[in-house]
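Visitor:
There are 2 protein chains.
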Amino acid sequence: MTDSNDPKHRVSRRHFLTRSALAAAAVPIASSGLAAQAQEHHHPATGTEPFWGEHQRGVTTSPQRHTYFMAFTLTTDKREDVIALLRAWTQAAAEMTQRPAVPAGAASPDQIPEDSGDTLGLPANRLTVTFGFGPTLFEKDGVDRYGLASLRPEALVDLPRFPGDQLVPERTGGDLSVQASADDPMVAEHAIRRMVRLAYGTANIAWAQTGFLGGFKLGETPRNQMGFKDGTMNVQTTDPAAMKEFVWVAEEGPAWLRGGSYMVVRPIRIALEHWDRMKLAFQEQTVGRHKISGAPIGQKHEFDPPDLDAEDKEGNPVIAENSHVRLAAPASNDGVQILRRGYSYDNGVMHLAERWPPWRQATTFDAGLLFQCYQRDPRTGFIKLFAKMSAFDMLNQFTTHVGSGLFACPPGARPGEYVGQGLFTEA
Amino acid sequence: MTDSNDPKHRVSRRHFLTRSALAAAAVPIASSGLAAQAQEHHHPATGTEPFWGEHQRGVTTSPQRHTYFMAFTLTTDKREDVIALLRAWTQAAAEMTQRPAVPAGAASPDQIPEDSGDTLGLPANRLTVTFGFGPTLFEKDGVDRYGLASLRPEALVDLPRFPGDQLVPERTGGDLSVQASADDPMVAEHAIRRMVRLAYGTANIAWAQTGFLGGFKLGETPRNQMGFKDGTMNVQTTDPAAMKEFVWVAEEGPAWLRGGSYMVVRPIRIALEHWDRMKLAFQEQTVGRHKISGAPIGQKHEFDPPDLDAEDKEGNPVIAENSHVRLAAPASNDGVQILRRGYSYDNGVMHLAERWPPWRQATTFDAGLLFQCYQRDPRTGFIKLFAKMSAFDMLNQFTTHVGSGLFACPPGARPGEYVGQGLFTEA
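Heads up: the sequence lines are chains L and W, in that order.
Whatever position you read off the first sequence (first residue = 1), add 1 for our numbering.
Whatever position you read off the second sequence (first residue = 1), add 1 for our numbering.
(1) With distances taken from CA atoms, which of W/Phe73, W/Glu96, W/Ala272 is nearest W/Val350?
(2) Could you tell me if L/Ala31 is buried or exposed, where buried requires 16 or more neighbouring beta carbons within 10 angstroms of its beta carbon?
(3) Whether or not the segment 176-187 of chain L and the segment 60-80 of chain L are in contact is what I'm after, with contact meaning three or more pairs of Cβ atoms, one per stretch, closer than 8 Å; do they touch?
(4) How far does the beta strand (DSSP E) with W/Ser262 in it extend, from its first residue to its last?
(5) Less than 7 Å between the C-beta atoms of W/Arg58 and W/Thr129, yes or no?
(6) Assuming W/Gly165 and W/Arg267 make a contact with CB atoms under 8 Å, what is their CB distance in whole Å?
(7) What are the residues in the segment 239-261 of chain L lying within 8 Å of chain W by C-beta distance?
(8) Determine which residues share a DSSP beta bridge with L/Gly406 and list them.
(9) Spell out whether any CB of chain L is found under 7 Å from the CB atom of W/Gln65.
(10) Start and end of the beta strand (DSSP E) containing L/Ala207?
(11) With a threshold of 6 Å on Cβ separation, who are the neighbours of L/Phe139 within its own chain once the five nearest residues in sequence on each side are excluded?
(12) Can you find a CB in chain L that lies within less than 7 Å of the CB of W/Gly59?
(13) Below 7 Å on C-beta distance, what does L/Phe217 contact in chain W?
(14) Could you tell me which chain W residues have their CB closer than 9 Å to the CB of L/Thr364, listed as they occur along the chain?
(15) Go through its chain and collect everything with a Cβ distance to W/Leu309's Cβ below 8 Å, but skip five positions before and after it.
(16) Which same chain residues end up closer than 7 Å to W/Met390 when comparing Cβ atoms and leaving out the 5 residues on each side of it in sequence?
(17) Decide if L/Tyr201 is buried, meaning its Cβ has at least 16 other Cβ atoms within 10 Å, or exposed.
(18) Can you tell me which residues form a DSSP beta bridge with L/Gln373?
(19) Tell me whether L/Glu171 sits in a helix, a strand or coil according to DSSP, three-state version.
(20) Should W/Phe304 and W/Gly133 be called a contact, given that it needs their Cβ atoms to be closer than 7 Å?
(21) Return the residue from the list L/Ala414, L/Gly413, L/Gly406 that minimises the CA-CA distance to L/Leu177.
(22) Which of the three DSSP states is assigned to W/Arg198 in this structure?
(23) Within the same chain, show all residues whose beta-carbon is closer than 8 Å to that of L/Gln286, passing over the 5 residues directly before and after it, in chain order.
(24) I'd like the span of the beta strand (DSSP E) that includes L/Met244, first residue to last.
(25) Nearest to L/Gly254 by CA position, among L/Asp378, L/Thr222, L/Leu340, is which residue?
(26) Can you check which of these residues, W/Phe247, W/Lys79, W/Asn225, W/Pro170, is closest to W/Val337 by C-alpha distance?
(27) If you follow the beta strand (DSSP E) that L/Val83 is in, where does it begin and where does it stop?
(28) Are the CB atoms of L/Gly122 and W/Phe217 nearer to each other than 7 Å?
(29) Can you list the residues of chain W that L/Asp119 reaches, using a CB-CB cut of under 8 Å?
(30) When you check each C-beta in the segment 318-343 of chain W against every C-beta of chain L, which residues fall closer than 8 Å?
(31) Could you check the C-alpha separation between L/Asp4 and L/Thr238 for me, to the nearest Å?
(32) Spatial neighbours of W/Gln38 within its chain, please: CB distance less than 7 Å, with the 5 preceding and 5 following residues excluded, ordered by chain position.
(33) Is there a C-beta anywhere in chain W that falls below 7 Å from the one on L/Arg198?
(34) Taking the continuous alpha helix (DSSP H) assigned at W/Thr137, which residues delimit it?
(35) Tell me the rounded alpha-carbon separation between L/Asn126 and W/Gln422.
(36) For L/Arg342, which beta-bridge partners are listed by DSSP?
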């Protein structure tokens, strides 16, 4: 089952074409990225997403309102323990995506309830659960724990250190990743909690980050915490040709990963207090777009393509050399595109002490972007894009990458299989 | 404007009486607490709550889906700075509750935008902003910074240390509190962020905690992270007599606080991993209720009153001596009731290292209950209740109070006033 062939998506797309103000303005729909997905934010909470299929569903759904990402560290030395965990996780995910809680599992007084019960009575809220394999699953500290080292894909590299990286171990890496996304935060939390429980004795929590999206209207590109529309240009999950070209691993990858993808995740702290003190014109130059309309600098409408060659009367570029939009544009990157699926995060506040004069101390927001992207090959995707952006993007003055992970996300499983089964049967 | 006289509430109540399955079962509505409020969870997100009125609206609304609580530390020595801050906060709250973002404030290129812009296009989502005054506003380290020491209410005590308290400074106290609650997490975050910005130079962030509620159905009592229905017995905000008796400060309090209330806030970490390993019967004995139905042990239906005198054949109490329900029951506490308005919280995970043998280290959920309650007098409310419960409640094996605050929440303001104005005009 591919998403593009899913009748529900076709209906939604038609609905979008009929009703959206964007369509009325005759903008090219193909460029609308997240906007095309945002229409589905208002699906009834009772919606369910299929679990079994060609691709993992969490890569392709219209973004849910809440997410809970967690990375795990395997503590077992036994290959069969890993397989048993993946089998249990797959089964639990298949169940929970259709019905978040398992009442029967909580009904016998003299037993430990199988299900924590906190979501009893809640609908599935479009829950998806997405799994990934980190480089250390294949080899860790030079040890091939599970006989998988020879199957590590070439593209599953160790991410290089980028300029400005301030990665902390408590937010970095992981042997396995699980991400639950749903339109209800409790449903996402419940799913992750069950995964943690199923992992007792086999894997520990490595790190985690929750995230959310504001409930923007149908057809509207969501705004991020910096106040700008985010996702105007993005790979469309409803465009099978674009997904094939930029997202899904094909013949170039190992058989077990075909139909899967590589996912980069980076919690990026945003210095909101700092950003909020910048003049509007500077914010817009930094991003390369107008704040209210979302139009590229020099244009009128959000979906007008940025004119990267335009110059003002003095011969200066209209869109600043080191603006975010210019550096991220496919035209500046040999046509490279990645599928971004980011969420805002807000962990409350954190206490900072500067390590250099004037030794200021402050309590600031621990908030920002849980950046996530999917791509066919991280070397020609995120790494290529971010190598340049990490050095030059004016936005970097306000952002700090505090964590990082790269995970190979296997294709979807078919009933009776477990996610990633191909990896273990190949070996 | 009182909530009980608000026509919208009357309509909602009728709606509840007509449609609820609880009504069909002929249970006493008056006992249904949060259940009566839960009906309104599904208000359209475009709903707005009035800001001006007799009481602060955040005490009385049906609970919104998301909350953002923040405590502040005043850094100024000047009384007029505090007044100016309260005036600016009041004005901003009055605006944002009706429309979350201020587009005009972001429109001039050569100015710093007044509004961060991230909620442009979002409806108000029933936003409320609620203010409170901590004991240290009146006197701090023996210093009467603002000439308010003589006006500190007797009931605004320093909370005693309770058995088991493991309060950390980063989650405790505060001169002022601001709480934004809304049905969209971005709207709540935006409101708090604007308050932080308005406080630059006058007050710093002390601590903060976000929270959420699952989207349970109309008329259903929400479940908490322990899987039990939470709020079956609660003061009803739609019952003016109960609010008057248990929540609103009246003649016994200072003039500036009449129509206000005292709010206790305690982030309570729940050892979810530990709880999830307990047998169902033990969980139910601990709580004193059945998990699935919510009925008191020995009863059939959620709203059946607990029979605290019932004994089994061996003469043991049917509801365990130290069960949560027994210790919290008004009948066990001279009729004391408090208005609870708690939220679940989940900050992701935390890294623990035991300080005693066997020196275990672990990464666990940093999750639990953002407990909040309102009462007419904390000495006869929370302190009385929790003095006993902190010593004996079986639930304490799974819960740790990691932070604490007590705030006097002034009455609502009238147009042209600022919240708490009475305090500063009395002095």
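All C-beta atoms in this analysis are idealised placements derived from N, C-alpha and C, irrespective of residue type, glycine included.
Guide: The relevant details are as follows:
(1) W/Ala272
(2) Confidence at L/Ala31 is low in this model, with a pLDDT of 32, below 50, so the placement of that residue is unreliable and no value is reported for it.
(3) yes
(4) 262-271
(5) yes
(6) Not confirmed; about 12 Å, so no contact.
(7) none
(8) L/Val266
(9) no
(10) 204-213
(11) Leu149, Ala150, Arg153
(12) no
(13) Gly122, Leu123
(14) Thr74, Glu171, Asn205, Ile206, Ala207, Trp208, Ala209
(15) Pro318, Ile320, Arg327, Ala330, Ala332, Ser333
(16) Leu328, Ala329
(17) exposed
(18) L/Val266
(19) helix
(20) no
(21) L/Gly406
(22) helix
(23) Ile298, Ala321, Ser324, Met395
(24) It is not in any beta strand (DSSP E) - L/Met244 instead sits in the alpha helix (DSSP H) that spans 241-247.
(25) L/Asp378
(26) W/Phe247
(27) It is not in any beta strand (DSSP E) - L/Val83 instead sits in the alpha helix (DSSP H) that spans 80-99.
(28) yes
(29) Gly215, Arg224, Asn225, Gln226, Met227, Gly228
(30) none
(31) Note on L/Asp4: pLDDT 38, under 50, position unreliable in the model; the coordinate value appears next. L/Asp4 and L/Thr238: Cα-Cα distance of roughly 8 Å.
(32) Confidence is the limiting factor: at W/Gln38 the pLDDT is only 38, short of 50, which leaves the residue's position unreliable, though a coordinate-based value still follows. The answer, listed in chain order, is Ser63, Pro64, Thr238.
(33) yes
(34) 136-139
(35) 44 Å
(36) BP columns for L/Arg342 are empty, so no partner.
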